[in-house]
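Participant:
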Amino acid sequence: MGHWKGDLVKGIRLADEPALMTLTERYSQTEIIVKIPDYHAGTCLKALQDTIDDYGAKEFESITFDNGSEFAKLSEIVGTQIYFAHPYSPWERGTNENANGLLREFFPKGKSLRAVTLVEIQAVQSALNHRPRRILNYLRPCDYYRCMA
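Per the UniProt record's numbering, the very first residue in the sequence shown carries number 1; after that it's consecutive.
In structure tokens, the structure reads:
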């Protein structure tokens, strides 16, 4: 427990558009979703550090991201190990890629995320964390996470 995969889900592919930073715990499939106002490197750094501070650094032993320019400053994160997958290797973060696909059921590609509220994000996060998963023998991530924590 405590090994996370991270990524951004973008509505419209413009750097000044909002995005959703997703963190998926490798074993429990627990999902954390954070809306960020843009996907510049400094914004991603602040959003991730705030998330780690909010949940507590002990919850995040490591986080693996891809090599996108939006993650360039993440090596400055305090309290957890940050790793970067090899370029063009999405299978190294398959857990997160699958979760992002589930997230697209709620937030389709090409649709702006500007109007998405915190309440909507929390509802989607809860829905994903309460959805039974085959990989967990049809347990829900929230139940699995509680059992293993």
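From the three backbone atoms N, C-alpha and C, an ideal C-beta is built for every residue, glycine too.
Going along the chain, which unbroken runs of the beta strand (DSSP E) with 3 or more residues stay wholly within the UniProt domain "Integrase catalytic" (1-149)?
Facilitator: 3-10, 19-25, 31-36, 62-65 and 81-84
Participant: Write down the C-beta distance between Gly2 and Phe60 rounded to the nearest angstrom, noting that I regard them as a contact closer than 8 Å.
Facilitator: 6 Å
Participant: Could you check whether Asp53 and Asp7 sit closer than 8 Å to each other, using their CB atoms as the reference points?
Facilitator: Contact annotation: Asp7 and Asp53 have beta-carbon atoms that are not nearer than 8 Å.
Participant: Short of 6 Å in beta carbon distance, which residues of its chain neighbour Tyr138, apart from the five on each side in sequence? Order them along the chain.
Facilitator: Pro132
Participant: Using CA coordinates, which residue listed in Asp16, Lys10, Arg26 and Leu14 is at the minimum distance from Pro141?
Facilitator: Sorting Asp16, Lys10, Arg26 and Leu14 by C-alpha distance to the C-alpha of Pro141 places Arg26 at the top.
Participant: Hey, residue 171 and Thr51 are a contact pair by Cβ (cut 8 Å); roughly how many whole angstroms apart?
Facilitator: Residue 171 lies beyond the range of the chain shown here (1 to 149); nothing can be said about it.
Participant: Give every residue of the same chain whose Cβ lies closer than 6 Å to the Cβ of Leu23, excluding the five residues on either side of it in the sequence, and list them in chain order.
Facilitator: Correct list, in chain order: Trp4, Gly6 and Ile32.
Participant: For Gln81, which of Asp143, Asn100, Gln29 and Ile63 has the nearest alpha-carbon?
Facilitator: Ile63
Participant: Going by Cα to Cα distance, which pick from Ile135, Arg104 and Gly110 is closest to Ile121?
Facilitator: Out of Ile135, Arg104 and Gly110, Arg104 has the C-alpha closest to the C-alpha of Ile121.
Participant: How big is the Cα-Cα spacing for Arg13 and Ser112?
Facilitator: 9 Å
Participant: Among Gly11, Ser28, Gln29 and Gly56, which one has its Cα closest to the Cα of Asp38?
Facilitator: For Asp38, the nearest C-alpha among the options comes from Gly11.
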